[in-house]
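Peer 1: Next up is a structure, given as structure tokens.
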Amino acid sequence: MNTLTVNGVELAFVDRGCGAPLLLVHGFPLDHTMWNAQIDALSLARRVIAPDLRGFGRSGVTDALVTMEQLADDLDALLAAIEVPEPVALCGLSMGGYVAFQFWRRHRARLCALILADTRAMNDSPEMAAARLAMADRVIREGPAPLVDNMTPRLFAEATSQNRDDLVESLRQMMLATDPRGIAAASRGMARRPDMTPMLGQIDCPTLVVVGEQDAISPPGEMRELARAIPRARFAEIPNCGHMSPMEKPAEFNEAIEEFLAALETESGGSGTPDWCLHGE
Numbered sequence: 030m031n032t033l034t035v036n037g038v039e040l041a042f043v044d045r046g047c048g049a050p051l052l053l054v055h056g057f058p059l060d061h062t063m064w065n066a067q068i069d070a071l072s073l074a075r076r077v078i079a080p081d082l083r084g085f086g087r088s089g090v091t092d093a094l095v096t097m098e099q100l101a102d103d104l105d106a107l108l109a110a111i112e113v114p115e116p117v118a119l120c121g122l123s124m125g126g127y128v129a130f131q132f133w134r135r136h137r138a139r140l141c142a143l144i145l146a147d148t149r150a151m152n153d154s155p156e157m158a159a160a161r162l163a164m165a166d167r168v169i170r171e172g173p174a175p176l177v178d179n180m181t182p183r184l185f186a187e188a189t190s191q192n193r194d195d196l197v198e199s200l201r202q203m204m205l206a207t208d209p210r211g212i213a214a215a216s217r218g219m220a221r222r223p224d225m226t227p228m229l230g231q232i233d234c235p236t237l238v239v240v241g242e243q244d245a246i247s248p249p250g251e252m253r254e255l256a257r258a259i260p261r262a263r264f265a266e267i268p269n270c271g272h273m274s275p276m277e278k279p280a281e282f283n284e285a286i287e288e289f290l291a292a293l294e295t296e297s298g299g300s301g302t303p304d305w306c307l308h309g310e
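Under the numbering used here, residues 30 to 310 are what the sequence shown spells out, in order.
Structural data, given as structure tokens:
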């Protein structure tokens, strides 16, 4: 992985492939490795950038509260630091979708497309926000285990939970390895994130909304309504998977992304491979 200091924090990131840039933003409390299947496949034809957000993976931890706006600004600073000269397609899952919304609000000129995966537009209810804040304090005292035990049963489709012990355990270990301070800071930030529902009609870039058929956290019905509210949005539902659709059904998830991006490139006359693509893993 590469590392760079931006906005006062050291960010770790993968930068692989060449072509039109695709920025992958992980969920909570995960890191860039949740995108391994996407990095391997999609970097064959694109420049894929997959950071660890501040507080997660190999990136540094800073404040006790990290907002979705701050995470979006970190991504903007990272793209500037690695000299990405053209607008990116940004794909965010769950919390990564919350960050994607703020990236659109604050850095629209850097976007050519949004991919909102297994996420939500609405903010937390008072009860949900209070639960996040309480869990943040508990994780600081006890470590990630209580959060991991609470989240894991809701992340996968039932068949995956029963038949893919390897996948479930790999995700558990990813979450358990996360710095408690990073978990708490992002939890507090998510608890105060804005409701994006009133702004969905203003999203003015091509958007793909994708969800697992059995997602218990971001239900397909809710995601379908989100897509209907966004002009020019497309909707894709991936069968037989839950909230972690990129990990449960990577081939199907990748196909949905590739079809969406290929259609955009066809409409714009194609992108080709630019001669500025000079970077390392």
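The beta carbon of each residue, even a glycine, is placed where N, CA and C say it ideally should be.
#1: Which whole-angstrom value describes the C-beta separation of L73 and G46, a residue pair presumed to lie in contact below a C-beta threshold of 8 Å?
#2: Quick one: Cα of E284 to Cα of A165, how far?
#3: If we ignore side chains and look at the alpha-carbon of each, how far apart do P175 and P114 end up?
#4: T148 to S123, Cα distance in whole Å?
#5: To the nearest angstrom, how far is it from the Cα of L230 to the Cα of T236?
#6: Would you say the segment 60-77 touches the segment 93-110, given that touching needs at least three Cβ pairs under 8 Å?
#7: Could you give the residue range of the alpha helix (DSSP H) that holds N31?
#8: Are at least three pairs of beta-carbons, each pair with one atom in the segment 208-224 and one in the segment 152-164, less than 8 Å apart?
#9: Within the same chain, show all residues whose beta-carbon is closer than 8 Å to that of M63, passing over the 5 residues directly before and after it, in chain order.
#10: Hey, could you find the ends of the alpha helix (DSSP H) Q195 is sitting in?
#11: Of all the options A138, N192, G172, A262, which has the alpha carbon lying nearest to the alpha carbon of A292?
#12: Can you tell me where the alpha helix (DSSP H) with F130 in it begins and where it stops?
#13: Can you check which of these residues, A215, D69, L51, T91, is closest to L40 by C-alpha distance?
#14: Sort out for me which residues DSSP pairs I267 with in a bridge.
#15: Leaving out five residues on either side along the sequence, give the residues of the same chain with a beta carbon under 7 Å from the beta carbon of E242.
#16: In angstroms with no decimal places, state the Cα-to-Cα distance between T34 and R87.
#17: Taking the CB atoms as reference points, tell me whether A142 and L290 lie closer together than 9 Å.
#18: Grouping DSSP H, G and I as helix and E and B as strand, with all else coil, what is F289?
#19: Only counting the same chain, and skipping five residues up and downstream in sequence, which positions put a Cβ closer than 7 Å to that of M225?
#20: Could you give the first and the last residue of the continuous beta strand (DSSP E) run that contains P80?
#21: With DSSP as the reference, please indicate the residues paired to A186 in a beta bridge.
#22: From which residue to which residue does the alpha helix (DSSP H) around P209 run?
#23: Can you list the alpha helix (DSSP H) stretches of 4 or more residues lying completely in the segment 42-89, in chain order?
#24: Pick from D103, N65, L51, A258: whose alpha carbon is nearest that of T32?
#25: Tell me whether Q67 is buried or exposed, calling it buried when 16 or more other Cβ atoms sit within 10 Å of its Cβ.
#26: Is it true that the CB of G84 sits closer than 9 Å to the CB of A186?
#27: Enumerate in chain order the residues of its own chain whose CB-to-CB distance from S297 is below 6 Å, with the five nearest sequence positions on each side excluded.
#28: Relative to the C-alpha of I111, which residue among P173, L52, D153 is closest?
#29: Which residue marks the beginning of the beta strand (DSSP E) containing I23, and which one marks its end?
#30: What three-state label does DSSP hand G230 in the structure shown?
Peer 2: Based on what the coordinates show:
#1: Contact between L73 and G46 is confirmed by a C-beta separation of about 7 Å, below the 8 Å threshold.
#2: In a straight line, the C-alpha of E284 is about 36 Å away from that of A165.
#3: Rounded to the nearest whole angstrom, the C-alpha separation of P175 and P114 is 42 Å.
#4: Each residue's alpha carbon lies about 4 Å from the other.
#5: Here residue 230 turns out to be Gly, not Leu, going by the sequence shown. Taking the straight line from one Cα to the other gives about 12 Å.
#6: With the cut-off at 8 Å, the segment 60-77 and the segment 93-110 do not touch.
#7: Boundaries around N31 are those of the beta strand (DSSP E), 31-35, since no alpha helix (DSSP H) includes it.
#8: With the cut-off at 8 Å, the segment 208-224 and the segment 152-164 touch.
#9: Counting only Cβ-Cβ distances below 8 Å, and skipping sequence neighbours, we find H55, G56, L122, L200, M203, M273, P275, M276.
#10: One detail in the question is off: residue 195 reads as Asp in this sequence, not Gln. Element bounds for D195: 194-205.
#11: Residue A262 holds the alpha-carbon nearest to the alpha-carbon of A292 among A138, N192, G172, A262.
#12: Taken as a continuous stretch (DSSP letters only), the alpha helix (DSSP H) holding F130 covers 124-135.
#13: The shortest C-alpha to C-alpha distance from L40 to any of A215, D69, L51, T91 is the one to T91.
#14: DSSP lists G241 as partners of I267.
#15: Only P249, E266, I267, P268, N269, C270 meet the Cβ criterion.
#16: CA-CA distance, T34 to R87, rounds to 12 Å.
#17: One thing to note: A142 has its Cβ within 9 Å of the Cβ of L290.
#18: Looking at F289 - three-state DSSP - the assignment turns out to be helix.
#19: For M225, where only same-chain residues beyond five positions count, the Cβ hits under 7 Å are F130, A150.
#20: Membership of P80 in the beta strand (DSSP E) is indicated by the continuous run 76-80.
#21: In the DSSP secondary-structure assignment, A186 is not bridged to any residue.
#22: Note, P209: alpha helix (DSSP H), 209-220.
#23: For the segment 42-89, whole alpha helix (DSSP H) runs of length 4 or above, ordered along the chain, are 65-71.
#24: Among D103, N65, L51, A258, the Cα nearest to that of T32 belongs to D103.
#25: Per the 10 Å Cβ criterion, buried.
#26: Inclusion of A186 and G84 in the CB contact set at 9 Å is not warranted, their separation being larger than that value.
#27: Closer than 6 Å at Cβ, skipping near neighbours: no residue.
#28: Relative to the Cα of I111, the nearest Cα in the group P173, L52, D153 belongs to L52.
#29: The shown model of the chain, from 30 to 310, leaves out residue 23, and the question about it has no answer.
#30: G230: helix per DSSP, three-state reduction.
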